[in-house]
Amino acid sequence: MAMTARAGFVNAVMLVLIIVLSSSAGWAQKPKKGSSLKNVELCNSSDRVSPEARIDGCTAFIEAGEGAVNGFVIAYNNRGNAYSAKADYERAIKDFLEAARLDPNYAKAFNNLGVAYLRTGANDLAIGALEEALKLNPNYGAAYANRAAAYLKTNAFDRAARDYDEAIRLDPKLEAARSGRCWTRAVLGALQAALEDCDIVLRSETNNAAAYDSRALINLKMGQFSAAIDDYNSALRLVPKLASALYGRGLARFKLGDTDGGHSDISAAKRIDAAIDEAFVRYGVPRRD
-10 MAMTARAGFV
0 NAVMLVLIIV
10 LSSSAGWAQK
20 PKKGSSLKNV
30 ELCNSSDRVS
40 PEARIDGCTA
50 FIEAGEGAVN
60 GFVIAYNNRG
70 NAYSAKADYE
80 RAIKDFLEAA
90 RLDPNYAKAF
100 NNLGVAYLRT
110 GANDLAIGAL
120 EEALKLNPNY
130 GAAYANRAAA
140 YLKTNAFDRA
150 ARDYDEAIRL
160 DPKLEAARSG
170 RCWTRAVLGA
180 LQAALEDCDI
190 VLRSETNNAA
200 AYDSRALINL
210 KMGQFSAAID
220 DYNSALRLVP
230 KLASALYGRG
240 LARFKLGDTD
250 GGHSDISAAK
260 RIDAAIDEAF
270 VRYGVPRRD
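Structure (structure tokens):
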């Protein structure tokens, strides 16, 4: 997947958030006579079956119309997760909305709805859905991480940082939150704290392009230009068209006297995203003339 500018970072985070999407492992009760146990098993499966098979199982259960309301809530939520896995967010949103309508106290449906909205660029709707999830469950670490990602999309870095702090407090093992906090802290200038977050992520996720890109920005702002280039190289090996990494590497190359390399990288970055220099100004890195 080609990622542009630092929107690429947010896309990378959201790929993780899809994994964070909450599903339900089982039904509140056994299906009534006439309902297919096989459909229930398919609908409840996640990694074990394809999204298409899961959608078919959930759809068959829903259309049979047999079972308690809670069973249908879970079926719509699970089918929404399967649609999200296929990047069919329009159908996913409809299912999450139906799950939330059937059970307005089901925080997982609102969390998943927020992620689906976020993937479509409906940032305000995403924040609203995630706020509802957090009202229902104030200890929902994944929902804080997802809302932080939505705040990042609107450049509300202070709010994102607070949500990432809360997500990590509630779930210290949530790598998506720590990776996001690394980037947010880097933008806000808390460079040493940001570096610690990125190092933790990269010790366990050596193929995390977003974390390499974030650590590269930290090194760039610290004046550690060779280290920045190394991290940008690592990010670009994983995501060759990550404009933020190309642009940042170009700046670092200029600082080390590699004028040709700097021009080449920055030109390549601007072909991907013409406004990349403006984005770096928001990140606290002055525009290069």
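Residue numbers (my numbering): -10 to 278.
Idealized CB from N, CA, C, for every residue including glycine.
When only Cα atoms are considered, V62 and Y153 end up about 29 angstroms apart.
Taking the C-beta atoms as reference points, I157 is found no nearer than 7 angstroms to A165. From the listed residues A150, T48, A89, the smallest Cα separation to G169 is found for A150.
Between the alpha carbons of A71 and V104 lies a distance of about 13 angstroms. Bounds of any alpha helix (DSSP H) do not take in A264, whose DSSP letter is neither H nor E. With a cutoff of 7 angstroms on beta-carbon distance, L180 and F146 are scored as not near each other.
Rounded to whole angstroms, the gap between the alpha carbons of A132 and L91 is 20 angstroms. Look at the stretch 129 to 165 and you find these whole runs of alpha helix (DSSP H), each 4 residues long or longer: 130 to 142, 146 to 159. In this structure L107 is in contact with A139, their Cβ atoms being roughly 5 angstroms apart against a cut-off of 8 angstroms. By the neighbour-count definition (other C-beta atoms within 10 Å, threshold 16), K162 is an exposed residue.
Excluding five sequence positions before and after R174, the CB atoms of its chain that fall closer than 8 angstroms to its own CB belong to A150, L180, A182, A183, D186, given in chain order. Straight-line measurement puts the Cα of Y65 at about 8 angstroms from the Cα of I51.
In this chain, the alpha helix (DSSP H) harbouring Y221 covers 214 to 227. Counting other Cβ atoms within 10 Å of its Cβ, V270 stays below 16 and is therefore classed as exposed.
With at least 16 other beta carbons inside 10 angstroms of its own, L119 counts as buried. One alpha carbon belongs to E55, the other to N135, and they sit about 34 angstroms apart. Between L209 and G237, the gap from beta carbon to beta carbon is short of 7 angstroms. Pairing F243 with L227, the inter-Cα distance amounts to about 23 angstroms. Between the alpha carbons of T48 and S39 lies a gap of roughly 14 angstroms.
Under the DSSP assignment, T195 falls outside any alpha helix (DSSP H); it carries neither an H nor an E label. Per DSSP, reduced to three states, the secondary structure at R242 is helical. Scanning I261, L31, N94, Q213 for the CA closest to the CA of N59 turns up N94. Apart from the 5 residues on each side of it in sequence, K124 has no Cβ closer than 7 angstroms to any other Cβ in its chain. The straight-line gap separating the alpha-carbon atoms of N100 and A122 is approximately 6 angstroms. The Cβ-Cβ distance between D220 and R204 falls below 7 angstroms.
In the three-state DSSP reduction, K75 falls in the coil class, being neither helix nor strand.
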